[in-house]
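What the sequence shown shows, in the UniProt record's numbering, is residues 1 to 123, in sequence order. C-beta atoms are modelled at their ideal positions from N, C-alpha and C, and glycine is treated no differently. Have a look at the structure below before the remarks.
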Amino acid sequence: MKTLKITTDSKISIIDLNFDHESLREEVGGYVELVRTQKLRDYFKTKVVMIVDEEGLVKNLPVNPMGCYFYDTDKHGNPIVGDVILGLLVGFDMHVTGLGDRDAEQWMEKMLKDFPILKRGDE
1 MKTLKITTDS
11 KISIIDLNFD
21 HESLREEVGG
31 YVELVRTQKL
41 RDYFKTKVVM
51 IVDEEGLVKN
61 LPVNPMGCYF
71 YDTDKHGNPI
81 VGDVILGLLV
91 GFDMHVTGLG
101 DRDAEQWMEK
111 MLKDFPILKR
121 GDE
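Here you go:
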């Protein structure tokens, strides 16, 4: 399913990803951690999460500026590092899935407009 990836160099792109544990782990480069914040909920108006490498700090991965923004790093000092995949929590059991073809495209365009730091991943 299609969703968005935001890299540490602030490039945003649409990726097609199976949302099984192994695919997520391969995409983030390690153990998967789901990060939920009020800022994500307020911006997307739905249950969007960041999917990150749980061991990113130990691996000394670079800081992800957009991840830090949505995590409110400026308030508590704990950064989001490594690339970020956006996912959607759905269903009673709150499993994670992609944003979908149309929504991924619409959200990417909105984020490019709202956050000048972001650039298209294919540029």
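Residue i, buried or exposed, once every other Cβ within 10 Å from all chains shown has been counted against 16
i	result
D122	exposed
T3	buried
G91	exposed
N64	buried
Own chain, CB closer than 6 Å to residue i, minus 5 neighbours either side, in chain order
i	result
D53	V28, G29, G30, G82
L112	L118
For residue i: DSSP bridge partner residues
i	result
D53	V32
T3	I15
V63	V81
G48	The residue asked about is misnamed: residue 48 is Val in this sequence, not Gly. DSSP, once it has assigned bridges, lists L88 as partnering V48.
K119	K11
Residues near residue i by beta carbon distance below 8 Å, same chain, minus five either side
i	result
V49	L34, V35, R36, L40, L86, G87, L88, L89, V96
H21	V32
Residue i (DSSP reduced to helix, strand or coil)
i	result
T97	strand
G87	strand
D72	coil
Contact set for residue i: own chain, Cβ-Cβ below 7 Å, skip 5 residues either direction
i	result
D103	none
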